[in-house]
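Report on the structure given below.
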Amino acid sequence: MHAPKRFRRSVVGVAAILTALAVAALSAATAGADEETTPKTASALASGAYFNRLGQPDDSLVDHLVDLINGTPDGESITGTAYHFDEPGVTDALIKAVKERDVSLQLITDYHAYENEPEVKRLKNAVEGQDTNSWVVRCPARGSSTACIGTGAMHNKFFLFSKTSGSDWVVSTTSMNLNEGSGRNLFNSTYTHVGNKDLYYQFVEYFDDLALAIPDPKYYENNPPQITGNTKSYFYPRGSGDTVTSTLKETACPGMVQVGMWSISRGSPTEELRRLADDGCTIRIVAHHIYDQACENLTKPGHGTITLYGFKEGKPYIHSKNILINATYTGEPHQVVFTGSANLNNPSLRENDENVLRVMDEPRVYEQFHRNFDAMINEADYKVTTEDDCKKLFNGQES
1 MHAPKRFRRS VVGVAAILTA LAVAALSAAT AGADEETTPK TASALASGAY
51 FNRLGQPDDS LVDHLVDLIN GTPDGESITG TAYHFDEPGV TDALIKAVKE
101 RDVSLQLITD YHAYENEPEV KRLKNAVEGQ DTNSWVVRCP ARGSSTACIG
151 TGAMHNKFFL FSKTSGSDWV VSTTSMNLNE GSGRNLFNST YTHVGNKDLY
201 YQFVEYFDDL ALAIPDPKYY ENNPPQITGN TKSYFYPRGS GDTVTSTLKE
251 TACPGMVQVG MWSISRGSPT EELRRLADDG CTIRIVAHHI YDQACENLTK
301 PGHGTITLYG FKEGKPYIHS KNILINATYT GEPHQVVFTG SANLNNPSLR
351 ENDENVLRVM DEPRVYEQFH RNFDAMINEA DYKVTTEDDC KKLFNGQES
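So that you can map any letter, position 281 of the sequence shown is 281 in the numbering used here, and since no number is skipped, the others follow by simple counting.
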């Protein structure tokens with residue numbers, strides 16, 4: 001099926017909400033449509049995970065995004081969000097898509113990205129005026145908030161393609177920021193899902209709400225997670241409760257749980273990881289920052305074994321945000337991957353605009369993430385066994 005260009009609904013007052021940046025109309029087509037799987041040719045893009053090569057700066061994930069942009073045919077739609085946007089190659093590809101192939105582009109950035117990163121302004125100046133469906137906007141500044149919906153940051157990093165590389169309804173969510181420091185220089189992951197029309201439009205609707213920029217500290221509760229096929233989408237901020245805690249409470253041993261995070265600070269999920277270790281599950285964690293209560297929970301002596309790895313100062317480190325479960329989950333054996341933009345910290349849960357995608361019982365996808373986890377452990381140069389180890393490593397006291 002060929003994905004039509006999205007029609008966009010007019011939104012009264014969006015220009016004022018988005019600090020006088022003109023927004024044309026936002027999409028409202030095909031709400032509530034049944035999931036559709038696109039017929040694929042042998043060369044069509046397939047769902048799968050992508051990673052940058054470990055141990056050195058690497059362009060693999062940037063190249064994947066550029067490939068998706070370049071693969072978008074005439075008249076199709078690209079919709080994106082960026083916490084940072086400072087990759088000239090991505091800018092060039094988007095400008096070419098709009099100017100040479102009449103692709104409609106809509107991009108939302110965190111307020112600071114627009115203020116501090118010249119590639120955002122270069123893109124905006126190049127594409128706006130080409131047609132009424134292409135625009136680049138930032139979230140408004142409200143005190144210390146640079147988010148569109150939450151009170152923290154617009155931390156999303158996803159791109160949506162109505163059609164690219166022979167596949168329709170493509171959702172690509174990543175931990176990679178579009179800059180050198182926390183993008184190509186760190187360990188990141190991207191998951192790209194194709195052919196799920198309902199999932200695509202769930203992300204479109206979330207994007208439209210980001211563009212409206214109406215604060216909603218209970219966005220998660222007001223727009224609860226939705227299951228479409230083998231995926232489930234979660235959008236934040238969340239007013240109360242903890243999604244990861246609830247997930248781990250529904251997990252039973254024996255089995256394996258793996259957590260790869262830039263930042264871990266929440267107490268209740270780490271208590272559940274401790275419980276699962278005591279119950280006989282294998283728990284493996286790779287992290288860059290672990291804060292006091294979480295560190296204490298994960299390193300308590302006299303409990304089941306949790307292996308915890310980090311990276312010494314000056315080394316490339318993890319920036320991914322992934323949780324893998326290979327165990328009994330919701331009462332049955334499952335292989336589960338959670339991936340997206342959200343860290344295991346309080347801002348990602350309560351304050352930021354974030355997305356997480358659950359992919360269940362896709363053995364190839366699970367194996368891709370599992371192999372990447374093995375590779376990160378091989379690159380990690382510090383094994384944490386005590387609370388003092390946490391303090392040395394994560395407070396920057398260890399060289």
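Ideal placement from N, C-alpha and C gives every residue a C-beta, glycine not left out.
All of these numbers come straight from a predicted model, not from anything done at the bench.
Do you know whose CA, among the options, lies nearest residue i's CA?
{"i": "THR164", "options": "ASN177, SER144, TYR191 and GLY195", "result": "GLY195"}
{"i": "ARG274", "options": "TRP262, MET261, HIS289 and ALA252", "result": "ALA252"}
{"i": "SER348", "options": "LYS197, ARG238, ALA82 and ILE318", "result": "ARG238"}
{"i": "MET261", "options": "LEU308, THR247 and PRO224", "result": "LEU308"}
{"i": "LEU123", "options": "ILE95, SER145 and SER320", "result": "ILE95"}
{"i": "ALA327", "options": "ASN116, GLY340 and LEU248", "result": "LEU248"}
{"i": "ASN179", "options": "GLU354, GLU87, ASN223 and MET376", "result": "GLU87"}
{"i": "GLU250", "options": "PRO215, GLY331 and THR174", "result": "GLY331"}
{"i": "PHE369", "options": "CYS390, ASP278 and VAL259", "result": "VAL259"}
{"i": "VAL66", "options": "ALA93, ALA46 and LEU45", "result": "ALA93"}
{"i": "ARG101", "options": "GLU119, GLU76 and TYR317", "result": "GLU76"}
{"i": "VAL127", "options": "ASP361, VAL98, MET376 and ILE227", "result": "VAL98"}
{"i": "VAL336", "options": "MET176, VAL90, GLY255 and ASN188", "result": "GLY255"}
{"i": "TYR291", "options": "LEU344, ILE323 and SER320", "result": "LEU344"}
{"i": "LEU276", "options": "LYS300, HIS288, GLY304 and ALA287", "result": "GLY304"}
{"i": "MET360", "options": "PHE373, LEU324, ASP353 and LEU54", "result": "LEU324"}
{"i": "ASP374", "options": "VAL286, GLN130 and ASP131", "result": "VAL286"}
{"i": "SER144", "options": "PRO217, ASP279, HIS112 and GLY241", "result": "HIS112"}
{"i": "ASP381", "options": "PRO316, GLU387, THR132 and SER341", "result": "PRO316"}
{"i": "TYR329", "options": "VAL257, GLY129 and ILE306", "result": "VAL257"}
{"i": "THR310", "options": "ASN372, ILE377 and ARG364", "result": "According to the sequence shown, residue 310 is Gly rather than Thr. Answer by Cα proximity: ILE377."}
{"i": "LYS321", "options": "SER175, PRO301 and ARG284", "result": "SER175"}
{"i": "ASN188", "options": "GLY340, PRO217, VAL356 and VAL103", "result": "GLY340"}
According to DSSP, what are the bridge partners of residue i?
{"i": "TRP135", "result": "GLN106"}
{"i": "LYS232", "result": "ILE227 and ARG358"}
{"i": "HIS193", "result": "VAL171"}
{"i": "ASP353", "result": "MET154"}
{"i": "LEU178", "result": "PHE85"}
{"i": "PHE338", "result": "ILE323 and ARG358"}
{"i": "VAL384", "result": "LEU308"}
{"i": "ILE264", "result": "ILE290 and LEU344"}
{"i": "LYS124", "result": "Looking at the DSSP assignment, LYS124 forms no beta bridge with any residue, so it has no partner."}
{"i": "SER77", "result": "SER104"}
Below 6 Å CB to CB, which residues in the same chain sit around residue i once its five sequence neighbours on both sides are set aside?
{"i": "THR385", "result": "none"}
{"i": "GLN293", "result": "GLY267"}
{"i": "THR79", "result": "GLN106, LEU160 and PHE207"}
{"i": "THR270", "result": "ALA294, ASN297 and LEU298"}
{"i": "THR192", "result": "SER172"}
{"i": "ARG358", "result": "LYS232 and PHE338"}
{"i": "PHE203", "result": "LEU160 and VAL171"}
{"i": "TYR220", "result": "TYR236 and ARG238"}
{"i": "SER182", "result": "HIS319"}
Under three-state DSSP, which class holds residue i?
{"i": "ARG53", "result": "coil"}
{"i": "ASN297", "result": "helix"}
{"i": "VAL291", "result": "A quick correction: the sequence has Tyr, not Val, at residue 291. Three-state DSSP puts TYR291 in coil, outside helix and strand."}
{"i": "ILE214", "result": "coil"}
{"i": "PHE187", "result": "strand"}
{"i": "PRO363", "result": "helix"}
{"i": "GLY308", "result": "Here residue 308 turns out to be Leu, not Gly, going by the sequence shown. Correct three-state label for LEU308: strand."}
{"i": "ALA277", "result": "helix"}
{"i": "ARG284", "result": "strand"}
{"i": "LEU344", "result": "strand"}
{"i": "ARG371", "result": "helix"}
{"i": "LYS315", "result": "coil"}
{"i": "SER60", "result": "helix"}
{"i": "CYS390", "result": "helix"}
{"i": "ALA93", "result": "helix"}
{"i": "ARG142", "result": "strand"}
{"i": "GLN202", "result": "helix"}
{"i": "PRO333", "result": "strand"}
{"i": "THR72", "result": "coil"}
{"i": "PRO237", "result": "coil"}
{"i": "LEU45", "result": "coil"}
{"i": "SER246", "result": "helix"}
Return the chain-ordered list of same chain residues with a C-beta closer than 8 Å to the C-beta of residue i, the five sequence neighbours on each side being excluded.
{"i": "ASP110", "result": "ALA82, TYR83, HIS84, ARG138, CYS139, THR146, ALA147, ALA153, MET154 and HIS155"}
{"i": "ASN346", "result": "SER265 and ARG266"}
{"i": "GLU362", "result": "SER47, ASN230, GLN335 and VAL337"}
{"i": "SER246", "result": "none"}
{"i": "GLY280", "result": "CYS253, PRO254 and GLY304"}
{"i": "GLU115", "result": "ARG138"}
Only counting the same chain, and skipping five residues up and downstream in sequence, which positions put a Cβ closer than 7 Å to that of residue i?
{"i": "ARG184", "result": "ASN52, PRO57, ASP58, ASP59 and VAL62"}
{"i": "HIS64", "result": "TYR50 and THR190"}
{"i": "THR243", "result": "TYR234"}
{"i": "CYS390", "result": "ILE290, CYS295, THR299 and VAL384"}
{"i": "ASN177", "result": "TYR83, HIS84, LYS157 and GLY183"}
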